[in-house]
Amino acid sequence: MADEKTVLGPTLEIEGEIEGDEDLVIQGKIQGKILSKKDLTVDSSGKVEATITTKNLAVSGMLVGNVVASERVEVRKEGKMIGDIKAPRVIIADGAKFKGNIEMGVD
Amino acid sequence: MAEKKDSGAEGAATTTAIGPTIVIRGKLKSDEDLIVKGRIDAEIQSSKALLIENSGVVKANVRVKSARISGVVVGNISAEDKVEIASDGRVVGDLLSPRIVISDGAAFRGRIDMQSFDDGRDAARPAQAQPAKPAAAAEPAAVAPKQI
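Top to bottom, those sequences are chains C and G.
Okay, so the first sequence: first residue is 11 according to this note's numbering, each after it adds one.
Okay, so the second sequence: first residue is 7 according to this note's numbering, each after it adds one.
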């Protein structure tokens with residue numbers, strides 16, 4: 011189960027809740043809530059409007075919603091994100107678009 | 007859509023495989039083949055094929071082009087082309103499709119209609135409201151609108 015991975019393809023639209031114990035790559039459209047215990051990637055074709063709880067998140071597409079990550083959040087250079095991030099490590103790459111609050115838990 | 011990703015997912019561009027640990031609730035729409043190994047409590051609408059593997063469980067109504075079930079479906083299935091319940095498949099619900107195959111060993115409870123696929127009625131009945139005994143929920147609901 012360790013290298014299990016689910017790719018939700020570009021024509022896929024989900025409204026509701028997704029929960030998973032494996033890496034998740036989103037190329038389609040998701041609206042709702044995502045709960046992941048592993049890595050979550052919003053690919054460049056991905057459009058996500060959701061509240062996300064995950065371990066790692068990488069955004070190359072469009073994400074609207076708040077994120078809580080136990081390890082790290084990365085908004086890549088082609089990524090756009092609107093929402094709040096709460097994670098110990100946050101990376102915003104040069105070229106990325108972001109609007110929201112970031113909380114890294116520093117004193 | 008911009009460039010394809012480096013995630014090694016190119017091969018999966020026209021197929022989505024939903025892994026065994028994934029749970030989806032709500033509503034799902036797709037224009038690509040779908041392989042389900044996890045659990046979906048979401049209405050599925052797809053213009054392509056649906057394959058429910060051994061470990062896959064779907065508890066909701068399904069509208070697809072074709073469906074092949076090796077796992078479990080509780081809910082009504084309406085397919086434009088074909089529904090096939092493989093020998094390890096289990097289905098509780100109504101089937102609506104011009105071609106229906108039930109293999110030896112498959113378990114099925116529900117109604118089958120091979121004729122009136124295009125009479126407008128679909129399987130959009132709230133079977134997922136009562137996952138505990140969906141057959142009871144599905145049957146009276148399905149009978150009511152099209153008593154001939």
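Glycine is no exception: its CB is placed at the ideal position from the N, C-alpha and C atoms.
It should be emphasised that the depicted structure is a prediction, and the values quoted were computed from it without experimental measurement.
- With contacts defined as CB atoms closer than 8 Å, Asn76(C) and Gly56(C) fail to qualify as a contacting pair.
- DSSP places Glu84(C) in the uninterrupted beta strand (DSSP E) bounded by 77 to 85.
- Taking the Cα positions, Gly110(C) is about 7 Å away from Ile95(C).
- In the three-state reduction of the DSSP assignment, Ala23(G) falls in the strand class, which pools E and B.
- Shown in chain order are the members of the stretch 25 to 44 of chain G whose Cβ falls below 7 Å from a Cβ of chain C: Gly25, Pro26, Thr27, Ile28, Val29, Ile30, Arg31, Gly32, Lys33, Leu34, Lys35, Ser36, Asp37, Glu38.
- Using a C-beta cut-off of 8 Å, the stretch 57 to 66 of chain C makes no contact with the stretch 64 to 79 of chain G, since fewer than three inter-stretch Cβ pairs fall below that distance.
- Taking CB atoms only, Ala23(G) has a neighbour in chain C less than 8 Å away.
- Interface annotation, Thr16(C): in contact with chain G, CB-CB separation under 8 Å.
- When C-alpha distances from Arg96(G) are compared across Ser84(G), Arg69(G), Glu59(G), Gln121(G), the shortest belongs to Glu59(G).
- At a cut-off of 8 Å between beta-carbon atoms, Asp31(C) makes contact with chain G.
- The Cβ neighbour count for Pro98(C), taken over all protein chains shown within 10 Å, is under 16; the residue is labelled exposed.
- In this structure, Ile46(G) sits away from Glu27(C), with a CB-CB distance that is not shorter than 8 Å.
- Taking C-beta separations shorter than 6 Å and ignoring five residues to either side along the sequence, the partners of Asp119(G) in its chain run Leu102, following chain order.
- Assignment of beta-bridge partners to Gln41(C) by DSSP yields Glu25(C), Glu59(C).
- Setting aside the 5 residues that flank it on each side, Leu40(G) is surrounded in the same chain by Thr22, Ser52, Leu56, each with a C-beta closer than 6 Å to its C-beta; the list follows chain order.
- Taking C-beta atoms under 8 Å as the contact rule, Leu34(G) and Ile102(C) fail to qualify, at a distance of about 31 Å.
- When the five nearest sequence neighbours on each side are left out, the beta carbons in the same chain lying within less than 6 Å of the beta carbon of Met91(C) are those of Val69, Leu73, Val85, Phe108, in order along the chain.
- Taking a C-beta distance under 8 Å as the contact criterion, Arg115(G) and Val98(G) qualify as a contact pair.
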